[in-house]
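Undergrad: Below is the structure I would like to discuss, written out as structure tokens.
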Amino acid sequence: MEKYSFSELLAYQVSNTKIVNSENELSIILDIKNNQNFPTNRRMSSAWLKAIKSTHQRNSSYIQHVNQSAIRLREEGNNFYSSKSGSKFDNMINAAQRYTEAIFAAIGNTEALALAYANRAMALQELEYYQQAYDDCVCALETNHYPVKLLHKIKMRQAFCAYYLKDSEKLKKHLEELEKSTLNENFTQRVKELQKGLKNLDEETKIKTEETINTVLQLKEFTEVKTDTKVATRGRYMIAKNAIKSGEVIFSERISSFVPVDGCQICQQCGAMLIIPIPCHDCDCSIIYCSLKCRRNHKNVHQYECTGYLCRLFEQIGISHLALRVVLEDFPAILPIVSYETDIYKLWQTLITSDGSLYTKTYVNYIQTLQMVTHMQKMSLPNKLWFALVADLLVVYLKDYTNFFAITNKTKLKQCDWESIVSALIFRHIGQFIVNAHTCSSISPTNYDVSSTTNRFGILLVPHIWTKPFHLQRGMLHSFSETKEVSAANLPYLSICNHACGPTLRPKFSGRNFYALADSSIEKGAEIFNSYTVTYKNSLRNNRRAYLKEIYHFNCTCTYCQKPDPDKSYLKYHVYKCRNPTCGEKFVPTDKQDVSAALHWWQVENGGVSCTFCSEEQNVEWFMKFTELLENTNNAQTRLGLFRIYDIVDSFLVDFHTLKMEMGNDLMKMLIKSYNAGVKYNTFELNKLVSILNFCQRATIDRWGLQSLEYVTKMSVLWDFIAVGAYQSTQLELKTMLKALDVVSDEYKQVFLNYYNDYLQNK
Numbered sequence: 001m002e003k004y005s006f007s008e009l010l011a012y013q014v015s016n017t018k019i020v021n022s023e024n025e026l027s028i029i030l031d032i033k034n035n036q037n038f039p040t041n042r043r044m045s046s047a048w049l050k051a052i053k054s055t056h057q058r059n060s061s062y063i064q065h066v067n068q069s070a071i072r073l074r075e076e077g078n079n080f081y082s083s084k085s086g087s088k089f090d091n092m093i094n095a096a097q098r099y100t101e102a103i104f105a106a107i108g109n110t111e112a113l114a115l116a117y118a119n120r121a122m123a124l125q126e127l128e129y130y131q132q133a134y135d136d137c138v139c140a141l142e143t144n145h146y147p148v149k150l151l152h153k154i155k156m157r158q159a160f161c162a163y164y165l166k167d168s169e170k171l172k173k174h175l176e177e178l179e180k181s182t183l184n185e186n187f188t189q190r191v192k193e194l195q196k197g198l199k200n201l202d203e204e205t206k207i208k209t210e211e212t213i214n215t216v217l218q219l220k221e222f223t224e225v226k227t228d229t230k231v232a233t234r235g236r237y238m239i240a241k242n243a244i245k246s247g248e249v250i251f252s253e254r255i256s257s258f259v260p261v262d263g264c265q266i267c268q269q270c271g272a273m274l275i276i277p278i279p280c281h282d283c284d285c286s287i288i289y290c291s292l293k294c295r296r297n298h299k300n301v302h303q304y305e306c307t308g309y310l311c312r313l314f315e316q317i318g319i320s321h322l323a324l325r326v327v328l329e330d331f332p333a334i335l336p337i338v339s340y341e342t343d344i345y346k347l348w349q350t351l352i353t354s355d356g357s358l359y360t361k362t363y364v365n366y367i368q369t370l371q372m373v374t375h376m377q378k379m380s381l382p383n384k385l386w387f388a389l390v391a392d393l394l395v396v397y398l399k400d401y402t403n404f405f406a407i408t409n410k411t412k413l414k415q416c417d418w419e420s421i422v423s424a425l426i427f428r429h430i431g432q433f434i435v436n437a438h439t440c441s442s443i444s445p446t447n448y449d450v451s452s453t454t455n456r457f458g459i460l461l462v463p464h465i466w467t468k469p470f471h472l473q474r475g476m477l478h479s480f481s482e483t484k485e486v487s488a489a490n491l492p493y494l495s496i497c498n499h500a501c502g503p504t505l506r507p508k509f510s511g512r513n514f515y516a517l518a519d520s521s522i523e524k525g526a527e528i529f530n531s532y533t534v535t536y537k538n539s540l541r542n543n544r545r546a547y548l549k550e551i552y553h554f555n556c557t558c559t560y561c562q563k564p565d566p567d568k569s570y571l572k573y574h575v576y577k578c579r580n581p582t583c584g585e586k587f588v589p590t591d592k593q594d595v596s597a598a599l600h601w602w603q604v605e606n607g608g609v610s611c612t613f614c615s616e617e618q619n620v621e622w623f624m625k626f627t628e629l630l631e632n633t634n635n636a637q638t639r640l641g642l643f644r645i646y647d648i649v650d651s652f653l654v655d656f657h658t659l660k661m662e663m664g665n666d667l668m669k670m671l672i673k674s675y676n677a678g679v680k681y682n683t684f685e686l687n688k689l690v691s692i693l694n695f696c697q698r699a700t701i702d703r704w705g706l707q708s709l710e711y712v713t714k715m716s717v718l719w720d721f722i723a724v725g726a727y728q729s730t731q732l733e734l735k736t737m738l739k740a741l742d743v744v745s746d747e748y749k750q751v752f753l754n755y756y757n758d759y760l761q762n763k
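Following UniProt numbering, the numbering of the sequence shown begins with 1 at its first residue and continues without gaps.
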């Protein structure tokens with residue numbers, strides 16, 4: 001079966017399956033199971049899963065090779081650790097990076113892994129990442145292969161970390177362990193120092209303010225959910241209970257479930273990106289955590305996904321992985337409530353009927369997900385079969401490679417019935433998430449690929465950009481001047497918001513928390529809108545409507561789509577002034593066959609643009625020359641040529657033209673790359689850079705707003721110019737820019753604030 005791809009397997013099964021009853025998800029699943037070809041399909045699914053698992057089996061030569069790699073990488077780390085040349089901090093960063101690579105290279109529960117963790121702890125302690133260093137010591141000991149003769153060293157490291165973390169209980173525990181060990185004079189002296197430290201910790205007056213911390217973030221007192229019984233397409237909707245000012249939090253919600261997008265390196269439990277990674281070796285380091293605490297908290301989910309990650313199953317099933325993750329995280333919570341049920345059909349109605357007894361259990365988070373809209377009935381029959389068979393395949397995986405269904409042993413239904421229920425739930429969530437899953441975007445580093453499968457040591461261990469934990473070197477904030485989609489998330493409360501092409505909320509994703517910020521002032525009783533697609537300032541109405549109709553099955557009639565000139569706000573970024581001396585009219589390119597291609601002619605092979613008044617084809621050689629010169633920004637004459645072209649386009653690319661902004665962004669990236677490589681710029685060049693950046697900032701605010709990730713990416717570069725003295729900013733400008741950070745995740749916001757306090761505050 002290994003010769004068949006996932007899509008080929010599903011395509012065959014779809015063609016081999018007929019159903020009669022498609023009333024709901026359970027009906028379809030049961031119809032599939034009653035089909036005469038079901039046994040064949042099941043055998044194929046089992047064989048395919050077995051085949052992809054076997055392709056990832058490790059033989060002895062592979063194990064020997066990776067262990068040798070781990071040893072080599074650890075030795076490279078040791079060389080950096082003991083180096084006396086260069087910056088000590090960067091040496092420690094490089095050492096920790098190599099040790100991390102050794103951790104990823106090593107086989108689980110081996111001495112190579114134990115030593116890699118122990119050595120990384122040593123470097124992290126020097127870097128003042130004390131909690132991460134402590135966790136690494138625990139990881140080293142958990143392998144059960146850490147050399148006994150070195151135990152006193154790792155216990156000493158744990159004790160020092162516990163002291164700096166002000167954890168007197170752990171410090172006392174490790175000191176007691178060390179007192180039982182045979183230590184030389186040096187280690188004995190260290191123990192005495194730590195014993196004094198323990199006394200100081202115990203003598204400190206600790207005032208603990210008791211606070212009720214609500215771990216399930218649900219700030220919803222400013223909003224109210226209503227149901228429109230007259231307009232069926234409107235359904236549930238959200239309104240503001242009180243007037244809300246621009247920039248204020250409308251509501252917040254804890255992300256109940258999420259999965260990384262495109263292998264993005266984030267903690268699988270809390271969603272953090274700025275981490276020292278702790279991988280799972282049982283699935284070949286396919287997933288990572290930021291801490292042992294997160295690894296432990298995620299165990300109840302990962303125990304069922306580990307084999308799937310090992311055989312790369314989840315890479316192939318798209319949004320279905322989020323559907324599975326929701327079941328794994330939330331289904332166990334409702335099982336005790338419905339365990340008495342003896343009829344599979346009644347149980348299903350209990351699960352999907354909003355007026356049933358289950359829905360009175362408001363403390364169960366899963367209920368909000370079950371209530372979400374699904375467009376299953378609007379799917380074509382082949383699509384229904386496809387997703388139903390994906391759900392069945394995942395149940396085969398759970399049955400054959402995990403003990404997931406053991407949790408149903410004490411219920412009234414048989415396991416085969418629970419398999420049908422779980423399959424139907426996964427199928428239902430797939431239908432929901434096709435229209436209701438949310439993609440979480442974040443600031444992303446420019447000098448580290450967070451989706452790389454080869455470099456997985458993390459941005460915190462990139463050398464030459466940090467001065468201490470979460471503090472950047474002067475002039476290095478532009479290292480965070482990109483955005484990236486990092487995860488797909490389930491947000492049932494956000495999903496209640498209806499669509500408008502001009503949303504009233506701005507999203508902020510921060511780890512496992514979501515915040516809806518007011519895009520502008522909202523009146524009491526006004527509806528809260530989200531945008532399901534590109535906004536009216538960034539797309540043509542017909543394109544938006546076509547997408548919304550295809551995916552969400554409705555015709556958009558929002559305020560922006562009903563305007564007499566619905567594309568005006570978008571087309572203003574595509575206005576040209578004709579370069580024909582006898583014409584000189586302002587125009588927007590058009591094409592009866594493909595308007596988008598006409599507007600973005602530079603992205604089309606042999607593309608061009610013609611005046612809609614005089615029909616004269618415009619000269620675009622300047623753009624070809626600009627693209628050519630961008631390849632060599634290290635040369636002073638080349639840079640001068642680029643600046644000249646950028647000045648020339650002002651005469652025919654009107655106002656905040658899309659192409660001028662793209663050129664500005666490309667020019668900034670290449671010039672900063674050259675600057676970082678050591679190229680010296682004169683005052684004229686620095687002034688031109690600031691001028692281009694100011695234009696890009698103004699254009700971004702006009703199009704995306706001040707509180708947007710798009711703006712923050714431009715702001716990060718400007719802050720570097722301020723930090724190095726190339727630009728003078730007023731206090732009002734700085735205050736305004738600080739407000740823009742409200743849409744940035746808390747971990748990245750802290751990096752920005754540290755940079756501000758280190759280099760900008762007193763400018």
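Even for Gly, the Cβ is constructed at its ideal location relative to N, Cα and C. Just so you know, these numbers come straight off a predicted model, no measurement behind them.
1) Does the beta-carbon of residue 20 have 16 or more other beta-carbons within 10 angstroms, so that it is buried, or is it exposed?
2) In whole angstroms, what is the alpha-carbon distance linking residue 419 and residue 356?
3) Excluding the 5 residues flanking residue 524 on each side, which residues of the same chain have their C-beta closer than 8 Å to its C-beta?
4) What's the call for residue 732, buried or exposed, on a 16-neighbour Cβ count within 10 Å?
5) Exposed or buried, what is residue 212 when buried is set at 16 or more other beta-carbons lying within 10 Å of its beta-carbon?
6) What three-state label does DSSP hand residue 253 in the structure shown?
7) Between the stretch 83-102 and the stretch 456-467, can you find at least three pairs of beta-carbon atoms closer than 8 Å?
8) Relative to the C-alpha of residue 267, which residue among 447, 258, 46 and 290 is closest?
9) Would residue 642 and residue 653 qualify as a contact pair, given that the criterion is a beta-carbon distance under 8 Å?
10) Per DSSP, residue 483 is paired with what?
11) Which same chain residues, not among the five before or five after residue 417, have their C-beta less than 6 Å away from its C-beta?
12) Closest by CA to residue 485, which one among 109, 754, 722 and 258?
13) What residue range does the beta strand (DSSP E) around residue 224 cover?
14) My parser needs the beta strand (DSSP E) runs of 3 or more residues fully inside the stretch 151-212; what are they?
15) In whole angstroms, give me the CA-to-CA distance for residue 477 and residue 680.
16) Span of the beta strand (DSSP E) holding residue 564?
17) With a CB to CB cut of under 7 Å and the five nearest residues on each side skipped, what residues in its chain are close to residue 316?
18) Residue 714 and residue 521: beta carbons closer than 8 Å?
19) Apply the 10 Å Cβ neighbour rule to residue 321 and answer buried if 16 or more other Cβ atoms are within range, or exposed otherwise.
20) Would you check if there are 3 or more beta carbon pairs closer than 8 Å linking the stretch 386-393 to the stretch 418-432?
21) Over the uninterrupted alpha helix (DSSP H) stretch that includes residue 335, give me the two end residues.
22) With contact counted as at least three CB pairs below 8 Å, one residue from each stretch, are the stretch 670-689 and the stretch 600-608 in contact?
23) Jot down the residue ranges of each uninterrupted alpha helix (DSSP H) in the stretch 619-662, minimum 4 residues, whole runs only, in chain order.
24) In or out: residue 340 buried (at least 16 other Cβ within 10 Å) or exposed?
25) Looking at the structure shown, is residue 581 part of a helix, part of a strand, or coil, going by DSSP?
26) Buried or exposed, going by whether 16 or more other CB atoms sit within 10 Å of the CB of residue 185?
27) Mapping the DSSP letters down to three states, classify residue 745 as helix, strand or coil.
28) Report yes or no: do the stretch 354-373 and the stretch 401-410 share at least 3 C-beta pairs separated by less than 8 Å?
29) Answer with buried or exposed for residue 363, where buried requires no fewer than 16 other C-beta atoms within 10 angstroms of its C-beta.
30) Pull up the DSSP beta-bridge partners for residue 471, would you.
31) Can you tell me the Cβ-Cβ gap for residue 532 and residue 553, rounded? I've got them flagged as a contact below 8 Å.
32) CA-CA distance, residue 359 and residue 568?
33) Tell me whether the beta-carbon of residue 589 lies closer than 8 Å to the beta-carbon of residue 620.
34) Residue 272: buried (16+ other C-beta within 10 angstroms of its C-beta) or exposed?
35) Pop quiz: residue 269 and residue 298 are said to be a contact at Cβ under 8 Å. What is the actual Cβ separation, rounded to whole angstroms?
36) Check residue 437 in the structure and name its three-state DSSP category.
TA: Here's the rundown:
1) Counting from 1 along the sequence shown, the entry for residue 20 is found at position 20. By the 16-neighbour rule on beta-carbons within 10 angstroms, residue 20 is exposed.
2) Residue mapping note: residue 419 aligns to position 419 of the sequence shown, counting from 1. Residue mapping note: residue 356 aligns to position 356 of the sequence shown, counting from 1. The alpha-carbon atoms of residue 419 and residue 356 are separated by roughly 22 Å.
3) Taking the sequence shown and counting its residues from 1, one reaches residue 524 at position 524. Exclusion of the five residues before and after residue 524 leaves 240, 241, 242 and 243 as the residues of its chain whose Cβ lies within less than 8 Å of its Cβ.
4) Numbered from 1 along the sequence shown, position 732 holds the residue referred to as residue 732. The residue in question, residue 732, is exposed, as its Cβ has fewer than 16 Cβ neighbours within 10 Å.
5) Numbered from 1 along the sequence shown, position 212 holds the residue referred to as residue 212. In this prediction, residue 212 has a pLDDT of 35, which is less than 50 and means its spatial position is unreliable; what the coordinates show is noted afterwards. With fewer than 16 other Cβ atoms within 10 Å, it is exposed.
6) Walking along the sequence shown from the start, residue 253 turns up at place 253. Reduced to three states, the DSSP call for residue 253 is strand.
7) Counting Cβ pairs under 8 Å, three or more are found: they touch.
8) Taking the first residue of the sequence shown as position 1, residue 267 is located at position 267. It is 290 whose Cα lies nearest to the Cα of residue 267.
9) For this step, residue 642 is matched to residue 642 along the sequence shown. For this step, residue 653 is matched to residue 653 along the sequence shown. Result no, Cβ atoms of residue 642 and residue 653 do not sit closer than 8 Å.
10) As a first step, residue 483 must be located in the sequence shown, where it is residue number 483. Paired residues: 443.
11) As a position in the sequence shown, residue 417 is number 417, starting the count at 1. So the list reads 344, once near-sequence residues are dropped.
12) As a working note, residue 485 is residue 485 in the sequence shown. Of 109, 754, 722 and 258, the residue nearest in Cα terms is 258.
13) As a first step, residue 224 is located in the sequence shown; it is residue number 224 there, counting from the start. Note, residue 224: beta strand (DSSP E), 223-227.
14) Fully enclosed beta strand (DSSP E) runs of 3 or longer: not present.
15) Locating residue 477 in the sequence shown gives position 477, where the first residue counts as 1. Locating residue 680 in the sequence shown gives position 680, where the first residue counts as 1. Their Cα atoms are separated by approximately 19 Å.
16) Walking along the sequence shown from the start, residue 564 turns up at place 564. Where residue 564 is concerned, there is no enclosing beta strand (DSSP E), because DSSP gives it neither an H nor an E.
17) Position 316 of the sequence shown holds residue 316. Taken in chain order, the residues that qualify are 6.
18) For the purposes of this step, residue 714 is taken as the residue at position 714 of the sequence shown. For the purposes of this step, residue 521 is taken as the residue at position 521 of the sequence shown. No. Outside cutoff.
19) What you label residue 321 is simply residue 321 of the sequence shown in a count that begins at 1. Counting Cβ neighbours within 10 Å, residue 321 comes out buried, since at least 16 surround it.
20) They touch, by the three-pair rule.
21) Position 335 of the sequence shown, counted from the first residue, corresponds to residue 335. In this chain, the alpha helix (DSSP H) harbouring residue 335 covers 320-338.
22) Flag = no, the stretch 670-689 and the stretch 600-608 do not touch.
23) Correct list: 621-629 and 636-648.
24) The residue you call residue 340 lines up with position 340 of the sequence shown. Exposed.
25) Within the sequence shown, the letter at position 581 stands for residue 581. If DSSP states are grouped into helix, strand and coil, residue 581 belongs with coil.
26) As a first step, residue 185 must be located in the sequence shown, where it is residue number 185. By the 16-neighbour rule on beta-carbons within 10 angstroms, residue 185 is exposed.
27) As a first step, residue 745 must be located in the sequence shown, where it is residue number 745. Collapsing the DSSP output to three states places residue 745 in coil.
28) In short, these stretches do not touch, since the Cβ pair count stays below three.
29) The residue given as residue 363 occupies position 363 in the sequence shown. With fewer than 16 other CB atoms across the displayed protein chains lying within 10 angstroms of its CB, residue 363 is exposed.
30) Reading the sequence shown from its first residue, position 471 is the one you call residue 471. Beta-bridge partners of residue 471 (DSSP): 468.
31) Here the question's residue 532 lines up with position 532 in the sequence shown. Here the question's residue 553 lines up with position 553 in the sequence shown. In fact, because the Cβ distance is near 11 Å, the residues do not count as touching under 8 Å.
32) Residue 359 sits at position 359 when you count from the first residue of the sequence shown. Residue 568 sits at position 568 when you count from the first residue of the sequence shown. Put simply, the backbone Cα of residue 359 is about 46 Å away from that of residue 568.
33) Your numbering for residue 589 matches position 589 in the sequence shown. Your numbering for residue 620 matches position 620 in the sequence shown. No, these two residues do not count as a Cβ contact at 8 Å.
34) Here residue 272 is taken as the residue at index 272 of the sequence shown, counted from 1. So residue 272 ends up on the buried side.
35) To locate residue 269, count along the sequence shown from 1; it is residue 269. To locate residue 298, count along the sequence shown from 1; it is residue 298. Correct: roughly 4 Å between the Cβ atoms.
36) For the purposes of this step, residue 437 is taken as the residue at position 437 of the sequence shown. For residue 437, the secondary structure class from DSSP, reduced to helix, strand or coil, is coil.
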